[in-house]
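Enquirer: Okay, handing you the structure first.
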Amino acid sequence: MAQFIVLRLLHTILILFGVSIVAFGLIHLIPGNPLDILLPPEAPKEVVERLKVEFGFDKPLYIQYLAWLGRVLQGNLGTSVFTGLRVTGELLSALGNTFVLAIPAALLGFSLGTTLGTLAAFNHGRLLDKLFSVIAILGISMPHYWLGIALVIVFAVLNPVLPAAGMGGDGGFPVNWDEARHLILPVITLSMIPMGVIGRIVRSTVLEILSQEFPTALQAKGLQHRQMVWHVLKNAAPPALAVMGLQLGFLLGGSILVETVFNWPGSGQFMNLAIFRRDIPVLQGTVLVLASFFVIINLLVDVLQALIDPRIRR
Amino acid sequence: MNVPLSSDDRGGTAQPLLIVRDLKKHFPAKGSFWRLSRDKVQAVDGVSFSVAKGQTVGVVGESGCGKSTTARLLLHLIEPDAGEVIFDGEGVGAPGGIGVRDLRLQMQMVFQDSYSSLNPRATIADIIAFGPRMAKKVPSRQAHDRAGGLLEQVGLQPSLFARRYPHELSGGQRQRINIARALALEPRMLILDEAVSALDKSVEAQILNLLADLRRDLGLTYLFISHDLNVVRHVSDRVVVMYLGRIVEAGDVGAIFRRPSHPYTQALLRAMPSMDPDRRTEASLLTGDPPNPINPPSGCRFRTRCAFAEEVCARVPPALDDIAGGHQVACHMMVPGSGHSRAGTICAGHD
Amino acid sequence: MADVSTILQPIILPDTSAGAEPRSYWSTVGERLVHDRITLAVGAVLLCVILLAIFAPWAATHDPLQGSVLRRLKPVGTPGFFLGTDEIGRDIWSRLVYGGRLSLICGVTPVALATLIGGTLGLVAGIGGRVVNMAIMRVVDVFYAFPSVLLAIAICGVIGAGIGNTMLSLMIVFTPPIVRVTESLTAQVKNRDFVEAARASAAPLHAIIRHQILPNVLGGMLVYATSLVGISIILSAGLSFLGLGVTPPNPEWGLMLNALRQAIFVNPIVAALPGLAIVLTSLCFNLLSDGLRSAMDIKLPS
Chain A
1 MAQFIVLRLL HTILILFGVS IVAFGLIHLI PGNPLDILLP PEAPKEVVER LKVEFGFDKP
61 LYIQYLAWLG RVLQGNLGTS VFTGLRVTGE LLSALGNTFV LAIPAALLGF SLGTTLGTLA
121 AFNHGRLLDK LFSVIAILGI SMPHYWLGIA LVIVFAVLNP VLPAAGMGGD GGFPVNWDEA
181 RHLILPVITL SMIPMGVIGR IVRSTVLEIL SQEFPTALQA KGLQHRQMVW HVLKNAAPPA
241 LAVMGLQLGF LLGGSILVET VFNWPGSGQF MNLAIFRRDI PVLQGTVLVL ASFFVIINLL
301 VDVLQALIDP RIRR
Chain B
1 MNVPLSSDDR GGTAQPLLIV RDLKKHFPAK GSFWRLSRDK VQAVDGVSFS VAKGQTVGVV
61 GESGCGKSTT ARLLLHLIEP DAGEVIFDGE GVGAPGGIGV RDLRLQMQMV FQDSYSSLNP
121 RATIADIIAF GPRMAKKVPS RQAHDRAGGL LEQVGLQPSL FARRYPHELS GGQRQRINIA
181 RALALEPRML ILDEAVSALD KSVEAQILNL LADLRRDLGL TYLFISHDLN VVRHVSDRVV
241 VMYLGRIVEA GDVGAIFRRP SHPYTQALLR AMPSMDPDRR TEASLLTGDP PNPINPPSGC
301 RFRTRCAFAE EVCARVPPAL DDIAGGHQVA CHMMVPGSGH SRAGTICAGH D
Chain C
1 MADVSTILQP IILPDTSAGA EPRSYWSTVG ERLVHDRITL AVGAVLLCVI LLAIFAPWAA
61 THDPLQGSVL RRLKPVGTPG FFLGTDEIGR DIWSRLVYGG RLSLICGVTP VALATLIGGT
121 LGLVAGIGGR VVNMAIMRVV DVFYAFPSVL LAIAICGVIG AGIGNTMLSL MIVFTPPIVR
181 VTESLTAQVK NRDFVEAARA SAAPLHAIIR HQILPNVLGG MLVYATSLVG ISIILSAGLS
241 FLGLGVTPPN PEWGLMLNAL RQAIFVNPIV AALPGLAIVL TSLCFNLLSD GLRSAMDIKL
301 PS
């Protein structure tokens with residue numbers, strides 16, 4: 001078990017290196033000199049040259065990368081070209097706002113998906129199952145940002161009961177009912193796709209387990225229905241957990257669209273602005289942080305899976 | 001026996017078609033890739049035997065004794081770690097000898113009938129014609145015609161079976177296809193790896209009869225691997241008994257079955273169910289637990305289950321010695337002066 | 001001990017398969033698909049969408065780029081503009097029909113290209129030795145570290161908007177998952193007995209890949225690729241929604257969705273229409289993929 005964790009950790013570090021290279025290298029995909037993006041085209045040559053040296057663009061690429069990496073590891077993600085503020089600080093607060101959305105959405109989506117998926121599997125072929133299949137497949141066929149718009153139309157325009165946009169207060173965790181109201185629509189929107197995906201995986205995994213003989217054997221041994229269900233769920237957990245990990249990544253990365261619809265000042269919007277302003281340091285930092293989160297979450301999910309299912313430990 | 005020599009013959013009647021010397025294969029044990037410890041599964045550890053032209057040599061042993069690995073080593077489907085394979089006098093892979101590709105054109109394998117031994121996406125004719133078309137560049141038309149001929153030879157009507165798919169056939173039919181596929185390259189020798197083990201008894205009898213006819217008609221040589229002693233007794237001229245990667249006894253079929261000398265062989269034979277109601281199965285001679293192939297016992301590998309094991313058995317691995325005209329045994333008890341208390345006092349076929 | 005061969009005489013093989021026509025795997029799959037009513041319905045709808053997109057100039061009632069301020073945001077059912085007009089006065093139906101072209105192209109092309117590239121890489125990784133496999137799969141892992149939406153947005157944000165860049169970005173996003181699926185399928189097939197038999201027949205490697213491995217891998221790849229098309233449509237619409245994909249004034253469903261956002265207070269139904277188009281098309285592809293998977297999951301008798 002320990003060997004497994006160590007191996008996975010090494011693997012993760014390797015991946016994180018790769019991620020940092022990609023995050024750093026992104027801006028060099030832009031055709032032309034990175035400096036051209038920052039400065040107007042009429043800027044005098046000497047200014048361009050001077051800034052080149054100042055920003056280190058004249059040094060070979062791998063030196064630039066190492067310098068950047070060095071700063072990142074010390075917690076310095078650079079300074080925003082646009083606002084002049086430190087990226088780290090702004091990103092963290094924006095990230096916090098995204099978590100306020102993502103975590104309840106994850107909880108809602110996962111629990112709803114698991115429950116419905118299990119119910120559907122145990123009622124295979126009957127109305128409940130078919131109903132669930134329809135909901136699930138609609139859930140994954142729907143662009144969630146469109147669902148957000150639709151919800152806004154229904155609940156904020158046609159029957160104004162919920163706010164259409166914004167976070168309410170100053171950001172951060174909702175401290176009163178008004179701020180919490182702002183959470184409702186975005187969270188529901190964001191939870192749709194995870195619910196659909198998790199539900200389908202849980203349903204198909206549970207169906208597969210039920211088709212094996214051991215649940216029947218358990219019941220024949222005198223186990224109550226409830227206990228048998230528990231055993232089935234334990235077996236269904238590993239693949240479901242793996243998908244949940246992936247979905248968390250989706251929630252972090254895909255939140256950008258929902259945040260745009262609801263004008264939510266999270267990391268998604270943060271990144272969106274950076275793209276339009278060509279704010280390179282912000283872009284690099286955000287991509288790096290979000291991707292790293294995803295990698296670490298997946299590592300935790302893998303370890304959790306291995307804890308539950310000894311077969312995975314190789 | 002007098003076997004007409006094949007047109008590919010190189011060595012003459014006296015030359016064994018196949019000689020295997022000291023074949024070894026160790027696999028890294030699961031989980032030991034990253035670790036520095038060298039845990040190895042000693043699947044095949046110094047196997048030597050020979051097969052004469054026109055003969056059928058049976059290889060028996062329990063699951064995990066290395067029979068199937070040996071078969072794959074012969075064809076270089078798995079690369080041996082050590083040892084030589086000599087086909088009709090020429091070393092395989094040796095300079096001046098015969099290449100692996102040419103070896104495969106002369107030695108083919110018939111697989112156990114699992115559903116996955118035939119490509120589910122191909123027709124029967126395609127499956128049989130694949131080898132000749134791809135390996136010998138036979139034109140497609142010709143290869144398919146020949147496939148039809150082979151189908152007839154194995155007892156299936158080409159007009160009914162050539163265009164079918166594996167999932168439409170029964171186990172016995174699929175096994176006939178396996179044989180036809182092996183014969184398509186016109187080999188001189190067939191390795192049959194548990195070729196009848198998955199079949200119902202009645203079907204098994206048909207396939208065995210087919211194999212006997214083919215051997216006679218085509219002048220083939222067989223290496224017949226099986227865990228079923230009854231079948232091996234029925235088809236073989238010589239028998240090789242394997243245990244945990246090594247050969248413990250080898251000899252003519254009569255000698256092995258009437259005068260088994262190694263304790264393991266004796267135990268195996270005693271455990272054979274008999275059709276004779278007067279012969280009841282007796283208590284097993286085997287004691288102890290089956291050992292771990294990753295860390296096999298030192299010296300004689302069978303000693304942990306042998307009722308006669310002594311100190312010398314742990315110290316010195318017994319060599320495969322000839323005790324009587326082609327009958328070989330690897331046991332200290334059979335060798336006078338080996339240090340075993342019963343050495344030299346036992347004759348072949350002791351009880 | 002009684003001898004086996006004296007008990008049983010050779011028996012003439014009973015001919016159980018007389019009369020039946022040989023059924024290849026794909027023809028069996030095709031027949032199952034045709035009998036699956038949902039897949040049939042979905043296929044029909046999809047066909048309509050595709051036909052509308054191809055014959056857009058005839059199906060549309062107006063020029064999708066021509067608008068008049070006088071006709072802004074007319075509701076559904078307005079005579080002549082039966083699905084209403086958008087914020088610049090352009091006919092929604094016509095824009096939806098033309099937008100179908102862009103959305104379908106943006107949905108199918110990246111997936112098709114990714115399947116080509118990713119499939120090849122996956123095959124190589126599955127067949128090649130340990131070193132090749134590790135090299136390819138580790139690089140894939142790095143790309144997997146990015147949530148797909150994030151990656152698509154980041155790439156598009158960097159290389160710029162436009163339909164070509166959108167498709168390039170999506171192709172990059174979809175290649176790693178396809179590599180993984182293909183590699184996994186190839187590794188499974190590679191270990192099956194009939195591949196070993198093919199190796200034993202001294203056939204060259206390329207023949208084994210082409211005749212033994214590839215036919216058994218393509219099915220799974222097809223199912224997976226079809227499921228990706230639905231995602232691709234949604235993702236490309238999402239990119240346009242953010243302003244990173246297709247540029248205005250091109251009619252594209254995601255773009256329309258964004259532009260009509262302001263309209264939700266004035267004419268909510270019209271604002272939701274492009275989304276419906278996306279949902280419908282994506283749903284069809286997802287159901288098609290499900291249907292394919294069911295049809296291919298034949299428990300063949302042994």
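Chains as they are written, first to last, in this note's numbering: chain A, 1 to 314; chain B, 1 to 351; chain C, 1 to 302. Just so it is clear, CB atoms sit at the ideal spot from N, CA and C, and this is done for glycine as well. Remember, it's a predicted structure, so these values are computed and weren't measured experimentally.
1. What are the boundary residues of the alpha helix (DSSP H) that A/Pro238 is part of?
2. For chain C, check one thing: does any of its Cβ atoms lie closer than 8 Å to the Cβ of A/Ser141?
3. With 8 Å set as the bound, which would you pick, yes or no: does the beta-carbon of B/Pro120 sit closer than that to a beta-carbon of chain C?
4. With burial defined as no fewer than 16 other Cβ atoms inside 10 Å of the residue's Cβ, what is the status of C/Cys48: buried or exposed?
5. Find out if the Cβ-Cβ distance for the pair B/Val138, B/Ala180 is shorter than 8 Å.
6. Figure out for me which residue from B/Ala314, B/Ile86, B/His340 has the closest Cα to the Cα of B/Gln15.
7. Using only the alpha-carbon positions, how far apart do B/Asp322 and B/Leu185 sit?
8. Could you tell me the alpha carbon to alpha carbon distance between B/Ile128 and C/Ala152, rounded to whole angstroms?
9. Using the beta-carbon of each residue, which ones in chain B are nearer than 9 Å to C/Asn216?
10. Taking Cβ-Cβ distances shorter than 9 Å, what residues in chain C pair up with B/Gly131?
11. Could you check what DSSP says for A/Ile296 in three-state terms: helix, strand or coil?
12. Answer with yes or no whether the minimum CB distance from C/Ser240 to chain A is below 8 Å.
13. At what residue ranges does the stretch 269-342 of chain B contain a whole run of the alpha helix (DSSP H), taking only runs of 4 or more?
14. Since A/Thr79 sits in a beta bridge, which residues does DSSP pair it with?
15. Measuring alpha carbon to alpha carbon, tell me which residue in A/Gly268, A/Thr286, A/His231 is nearest A/Asp309.
16. Quick check: the Cα distance between A/Pro60 and A/Leu283, rounded to an integer number of angstroms?
17. What distance in whole Å lies between the Cβ atoms of C/Pro110 and C/Pro251, which are believed to be in contact at a cut-off of 8 Å?
18. Could you check the C-alpha separation between B/Met134 and B/Asp8 for me, to the nearest Å?
19. Given 8 Å as the limit, is there contact between the stretch 61-76 of chain C and the stretch 131-146 of chain C, that is, 3 or more CB pairs closer than that?
20. What is the rounded straight-line gap between the Cα of B/Thr13 and the Cα of B/Ile256?
21. Excluding sequence positions up to five away, which residues of its chain have a Cβ less than 7 Å from the Cβ of B/Leu73?
22. Does any C-beta atom of chain C lie closer than 8 Å to the C-beta of B/Ser116?
23. Closer than 7 Å, Cβ to Cβ, to anything on chain B: give me those residues from the stretch 206-232 of chain C, in chain order.
24. What in chain C is Cβ-close to A/Asn272, meaning under 7 Å?
25. Going by DSSP, what residue range makes up the beta strand (DSSP E) through B/Thr221?
26. Roughly how many whole angstroms lie between the Cα atoms of A/Leu334 and B/Val248?
27. Tell me whether B/Glu311 is buried or exposed, calling it buried when 16 or more other Cβ atoms sit within 10 Å of its Cβ.
28. Could you tell me which chain A residues have their CB closer than 7 Å to the CB of C/Val142, listed as they occur along the chain?
29. Mind checking whether B/Leu220 and B/Met189 have CB atoms under 8 Å apart?
30. What does DSSP give as the partner residue(s) for B/Gln108 in the beta ladder?
31. Is the Cβ of B/Tyr165 closer than 8 Å to any Cβ of chain C?
32. Report the option in C/Ile155, C/Ile163, C/Ile234 whose CA atom is closest to the CA atom of A/Ile280.
33. For the alpha helix (DSSP H) containing B/Asp252, list its first residue and its last residue.
34. In the DSSP output, which residue or residues are listed as bridge partners for B/Pro28?
35. If you measure from the beta carbon of C/Asn191 to each beta carbon in chain A, is any gap under 8 Å?
36. What is the DSSP secondary structure of C/Met137, counted as helix, strand or coil?
Expert: Inspection of the coordinates gives the following:
1. DSSP places A/Pro238 in the uninterrupted alpha helix (DSSP H) bounded by 225-262.
2. Taking Cβ atoms only, chain C reaches closer than 8 Å to A/Ser141, which makes this a yes.
3. Yes, contact with chain C.
4. By the neighbour-count rule (16 or more Cβ atoms within 10 Å), C/Cys48 is not buried but exposed.
5. Judged by beta-carbon spacing, B/Ala180 lies beyond the 8 Å limit of B/Val138, meaning their Cβ atoms are not closer than that value.
6. Per the Cα distances, B/Ile86.
7. The alpha-carbon separation between B/Asp322 and B/Leu185 amounts to approximately 36 Å.
8. Cα-Cα distance, rounded: 48 Å.
9. Against chain B, the beta carbon of C/Asn216 has neighbours under 9 Å at Asn119, Pro120, Arg121, listed in chain order.
10. At a C-beta separation below 9 Å, B/Gly131 has these neighbours in chain C: Ala197, Ala198, Ala200, Ser201, Ala202, Ala203.
11. In the displayed model, A/Ile296 falls within a helix according to three-state DSSP.
12. Interface annotation, C/Ser240: not in contact with chain A, CB-CB separation never under 8 Å.
13. Taking only runs of at least 4 residues, the alpha helix (DSSP H) segments lying wholly in the stretch 269-342 of chain B are 311-315.
14. A/Arg86.
15. When only C-alpha atoms are compared, the closest one is A/His231.
16. Their backbone Cα atoms lie some 21 Å apart in a straight line.
17. Not really, about 20 Å apart at Cβ, beyond 8 Å.
18. Approximately 21 Å between the Cα atoms of the pair.
19. The stretch 61-76 of chain C, when compared against the stretch 131-146 of chain C, does not touch it at the 8 Å Cβ threshold.
20. Cα atoms of B/Thr13 and B/Ile256: separation of roughly 25 Å, rounded to the nearest angstrom.
21. If we look at B/Leu73 and ignore the five residues flanking it on each side, its Cβ neighbours are Leu23, Lys25, Val44, Pro80.
22. For B/Ser116, the answer is yes, since a Cβ of chain C falls inside 8 Å of its Cβ.
23. Contact annotation: in the stretch 206-232 of chain C, residues whose CB is within less than 7 Å of a CB in chain B are Ala207, His211, Gln212, Pro215, Asn216.
24. Near A/Asn272 (Cβ distances below 7 Å), the residues of chain C are Leu242.
25. Residues 221-225.
26. There is no way to answer for residue 334 of chain A, as the model of chain A reaches only from 1 to 314.
27. Under this definition B/Glu311 is an exposed residue.
28. Under the 7 Å cutoff, chain A gives Ile15, Gly18, Val19, Val22.
29. Yes, the pair counts as a contact, with Cβ atoms nearer than the cut-off.
30. B/Gln108 is bridged to B/Leu190.
31. Chain C places a beta carbon closer than 8 Å to that of B/Tyr165, counting this residue as a contact.
32. Taking only the C-alpha atoms, the option nearest A/Ile280 is C/Ile155.
33. B/Asp252 -> not in any alpha helix (DSSP H); beta strand (DSSP E) instead, spanning 246-252.
34. Looking at the DSSP assignment, B/Pro28 forms a beta bridge with B/Lys40.
35. With 8 Å as the cut-off, C/Asn191 does not count as an interface residue toward chain A.
36. Three-state result, C/Met137: helix.
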